[in-house]
Amino acid sequence: MKALIIGGGIAGPAMAMALRKAGIDSVVYEAHPTGAYGAGATMGLSTNGLAALRVLDAHRAVAAAGFSCPRGVMWLGNGRRLGEDVPTPLPDGTTAVQLLRADLYAALHEQATARGVPTEYGRRLVRIDHRGDQVVAHFADGGEATGDVLIGADGMRSTTRRFVAPDGPHPRYCGIVGTNGFARDLDLGDLGDLGLDDECGTFHMVFGRRAFFGYVRREDGQVWWFVNIPSSREPTPAELAAIPAERWRHRLHELLAVDTSPAARIVQASPPGHDWFVSHQMRAPKTWHRGRAVLIGDAAHVTSPSSGQGAAMAVEDAVELARCLRNLPPDQAFPAYQRLREGRLRKVHAGARQVNRSKSATGLSRVLRDAMFPVLMKRLGGPQALSWLYDHRIDFDDKVTTGTG
Ligand SMILES: Cc1cc2nc3c(=O)[nH]c(=O)nc-3n(C[C@H](O)[C@H](O)[C@H](O)COP(=O)(O)OP(=O)(O)OC[C@H]3O[C@@H](n4cnc5c(N)ncnc54)[C@H](O)[C@@H]3O)c2cc1C
Numbered sequence: 543m544k545a546l547i548i549g550g551g552i553a554g555p556a557m558a559m560a561l562r563k564a565g566i567d568s569v570v571y572e573a574h575p576t577g578a579y580g581a582g583a584t585m586g587l588s589t590n591g592l593a594a595l596r597v598l599d600a601h602r603a604v605a606a607a608g609f610s611c612p613r614g615v616m617w618l619g620n621g622r623r624l625g626e627d628v629p630t631p632l633p634d635g636t637t638a639v640q641l642l643r644a645d646l647y648a649a650l651h652e653q654a655t656a657r658g659v660p661t662e663y664g665r666r667l668v669r670i671d672h673r674g675d676q677v678v679a680h681f682a683d684g685g686e687a688t689g690d691v692l693i694g695a696d697g698m699r700s701t702t703r704r705f706v707a708p709d710g711p712h713p714r715y716c717g718i719v720g721t722n723g724f725a726r727d728l729d730l731g732d733l734g735d736l737g738l739d740d741e742c743g744t745f746h747m748v749f750g751r752r753a754f755f756g757y758v759r760r761e762d763g764q765v766w767w768f769v770n771i772p773s774s775r776e777p778t779p780a781e782l783a784a785i786p787a788e789r790w791r792h793r794l795h796e797l798l799a800v801d802t803s804p805a806a807r808i809v810q811a812s813p814p815g816h817d818w819f820v821s822h823q824m825r826a827p828k829t830w831h832r833g834r835a836v837l838i839g840d841a842a843h844v845t846s847p848s849s850g851q852g853a854a855m856a857v858e859d860a861v862e863l864a865r866c867l868r869n870l871p872p873d874q875a876f877p878a879y880q881r882l883r884e885g886r887l888r889k890v891h892a893g894a895r896q897v898n899r900s901k902s903a904t905g906l907s908r909v910l911r912d913a914m915f916p917v918l919m920k921r922l923g924g925p926q927a928l929s930w931l932y933d934h935r936i937d938f939d940d941k942v943t944t945g946t947g
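The numbering used here numbers the first residue of the sequence shown as 543 and each following residue consecutively.
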């Protein structure tokens with residue numbers, strides 16, 4: 543069997559490695575002329591995502607591209623500590639990591655290339671059709687490729703999805719605009735009296751009065767941070783780009799200085815001028831496959847950045863789909879894969895929607911949030927609350943049958 547993988551972001555190379563483990567050849571077709579781009583954006587990769595990469599023996603290389611973040615602590619903007627999360631590390635001690643998105647892309651590509659996976663850059667899919675049992679990918683450069691299956695790993699604006707689910711859902715704006723940055727030479731030690739310790743690798747999340755702020759300090763003292771700002775209207779990229787960096791910095795100070803947290807100081811200590819992003823989410827289409835084509839990662843289901851799970855879900859998808867294609871013909875493998883994945887994805891999406899509501903609360907709903915949050919966290923936020931998410935492990939050797947899922 544030969545697989546055509548469309549998109550060489552995160553899901554694409556993970557898919558190619560998982561197929562290789564299942565004994566299936568593939569080629570990755572990536573629209574961009576190179577593999578790594580968007581160098582400034584940071585992200586977290588949680589233990590379940592790393593566990594899926596462990597199946598491919600790629601988790602150590604990926605973890606080494608970032609730095610360890612074993613613990614997350616949540617706060618209200620008034621300085622009240624809500625609770626903490628310490629996901630179980632992998633058996634070899636690997637914990638969740640923070641890394642640059644571009645470094646994650648590069649590490650996955652290196653791993654895929656080391657396993658002999660070919661990637662063709664500058665190949666943008668424009669159309670898909672079938673010839674008998676074969677699927678044909680047509681590219682913007684006029685070329686085409688033929689395979690037994692086509693796997694759409696082409697992200698949030700997927701071309702493959704337009705073919706698989708032409709009437710399916712579209713990514714929807716979640717009411718949040720964000721940016722991130724890096725601060726140096728910042729002493730957070732004197733904030734101990736606020737209960738905000740500056741232990742390296744502890745990811746602090748502050749549900750502030752006017753904005754949400756996340757930050758973590760690395761061993762070398764650099765502080766990585768991001769901010770989420772509620773905005774009822776979705777701004778266009780051109781509108782965001784037109785606002786001068788110094789005005790944004792001033793605006794961030796106004797939003798963050800009202801909280802009992804180091805957020806405003808961290809932003810002040812960072813060079814201005816990072817990219818802005820707009821959060822989207824999209825539920826999966828009713829059917830994730832059509833003919834010999836199937837969707838994985840953001841092409842199948844856009845998971846809002848608030849879940850911290852988009853990349854992890856993309857890798858889990860890849861490993862599960864490879865298991866299914868190893869054991870079943872495509873017409874049975876695709877539905878089995880969807881059955882294995884859709885319930886988990888629904889749960890992740892529901893969680894992200896809840897977090898987005900909390901992050902974008904303003905006025906009275908923000909007051910209610912601050913009153914209810916501590917109670918809810920006490921009731922629902924025990925140490926095992928998210929074990930269904932972080933402790934998820936895929937048994938690659940387990941045989942998939944038509945009844946699986
Ligand atoms: C600001 C931000 C923060 C995030 N933070 C986190 C986080 O902390 N943790 C987490 O797990 N996730 C996070 N995510 C989500 C995560 O980045 C995505 O879910 C993940 O990148 C999905 O991987 P993917 O391979 O499906 O899609 P992508 O990474 O988007 O890759 C798709 C690839 O397909 C290529 N492509 C597109 N169209 C075509 C075409 N027609 N032909 C060929 N190639 C094509 C693209 O160039 C791209 O390389 C965040 C996302 C954003 C925007």
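Every residue, glycine too, gets a C-beta built ideally from N, C-alpha and C.
Since the structure is predicted, the reported quantities are computational estimates derived from the model, not experimental observations.
For L782, the shortest separation between its Cβ and any heavy atom of ligand 1 does not lie below 7 Å. In the DSSP assignment, H822 falls within the unbroken beta strand (DSSP E) covering 818 to 823.
Per DSSP, M559 is one residue of the alpha helix (DSSP H) stretching across 553 to 563.
G710 carries a coil assignment under DSSP once its states are collapsed to helix, strand and coil.
Annotation for F745: the continuous beta strand (DSSP E) segment containing it runs 744 to 749. For a cut-off of 8 Å, the C-beta gap from Y932 to P629 is around 4 Å, short enough to register as a contact. For V569 and D645, the gap between their C-alpha atoms comes out near 21 Å. Residue nearest to A707 within the set R825, A545, D873, Q851 is R825 (criterion: CA-CA distance). When the Cα atoms are used, R881 and A600 turn out to be separated by approximately 26 Å.
Ranked by how close their Cα comes to the Cα of D762, the residues R726, R775, R793 have R726 in first place. Contact between the stretch 690 to 704 and the stretch 828 to 837 is present: 3 or more CB-CB pairs across the two stretches fall below 8 Å. Every alpha helix (DSSP H) of 4 residues or more that sits fully in the stretch 630 to 675 is shown, in chain order, as 643 to 656.
Here D627 is bridged, per DSSP, to G614. As computed with DSSP, F938 is found in no beta bridge at all. Spanning the alpha carbons of R899 and M585 requires a straight line of approximately 20 Å. Under the three-state reduction of DSSP output, D912 falls in the helix class. For R759, there is no enclosing alpha helix (DSSP H); the enclosing beta strand (DSSP E) covers residues 754 to 759.
Excluding its 5 nearest sequence neighbours in each direction, D671 has C-beta neighbours in its own chain below 7 Å: V678, listed in chain order. Contact fails between the stretch 842 to 857 and the stretch 870 to 878, because fewer than three Cβ pairs, one in each stretch, are under 8 Å apart.
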